[in-house]
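Below you'll find the structure, written out as structure tokens, and then a few comments.
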Amino acid sequence: MNHIFLLQPGRWTLEGTWLERHVPTIPVTGKILVAWTREDWFNMVTKLTFPGSDRSEITLQYRGHFDVGDRQYTFVLQHSELGRVEGEGWIAPETIIQRYWVLGDEKKRRSGFETLHRLNHNTYYHSSGILAGHYLVSAMEATLTRLGE
Numbered sequence: 001m002n003h004i005f006l007l008q009p010g011r012w013t014l015e016g017t018w019l020e021r022h023v024p025t026i027p028v029t030g031k032i033l034v035a036w037t038r039e040d041w042f043n044m045v046t047k048l049t050f051p052g053s054d055r056s057e058i059t060l061q062y063r064g065h066f067d068v069g070d071r072q073y074t075f076v077l078q079h080s081e082l083g084r085v086e087g088e089g090w091i092a093p094e095t096i097i098q099r100y101w102v103l104g105d106e107k108k109r110r111s112g113f114e115t116l117h118r119l120n121h122n123t124y125y126h127s128s129g130i131l132a133g134h135y136l137v138s139a140m141e142a143t144l145t146r147l148g149e
């Protein structure tokens, strides 16, 4: 596979837009750090900020596991707004796809998805959304760029 994001340690920047229901589009920037503790375990930390907005920043702390030689992985996530989250991801030839659900959230039934499409070795296009039940609550589109090598 030709993926660098997630499959190798690295530092990334994020720049794009955040959308919420009935709210004007908000610019979003962020930093992502991917680290591997062992051959099949990764940690990823993401911090999203909203310049020029009073919206609070969002932090995400992932811990995930790949089965050796597998294209699928599972992860747990501590999300600053959603709380404890669990999810799965698939590695496709040009795309990384993740789906997650909020634990202990039977009333709101929040879940989400992320798609990262590889544009080139150091750049990905990211689109994601958070749902409550059947309704889209927020979405983000952004470009991820790898920092230094």
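The numbering used here puts the first residue of the sequence shown at 1, with every later residue one more than the last. Backbone N, C-alpha and C fix where the C-beta goes; we use that ideal spot for every residue, glycine too. Nothing here was measured: the structure is a model prediction, and the numbers come from that model.
**Report entry** Inter-residue CB distance, residue 95 and residue 117 (contact presumed, cutoff 8 angstroms)
**Finding:** 5 angstroms
Requested in this report: Using three-state DSSP, classify residue 81 as helix, strand or coil.
Outcome: In this structure, residue 81 counts as coil in the three-state DSSP scheme.
Query - According to DSSP, residues forming a beta bridge with residue 19 - result: 139
Report task. For the beta strand (DSSP E) containing residue 5, list its first residue and its last residue. Result -> Unbroken run through residue 5: none, as it is neither H nor E.
**Report entry** Buried or exposed by the 16-neighbour rule on C-beta atoms within 10 Å, applied to residue 35
**Finding:** exposed
Requested in this report: Inspect the beta-carbon positions of residue 46 and residue 28 and report whether they are closer than 8 angstroms.
Outcome: no
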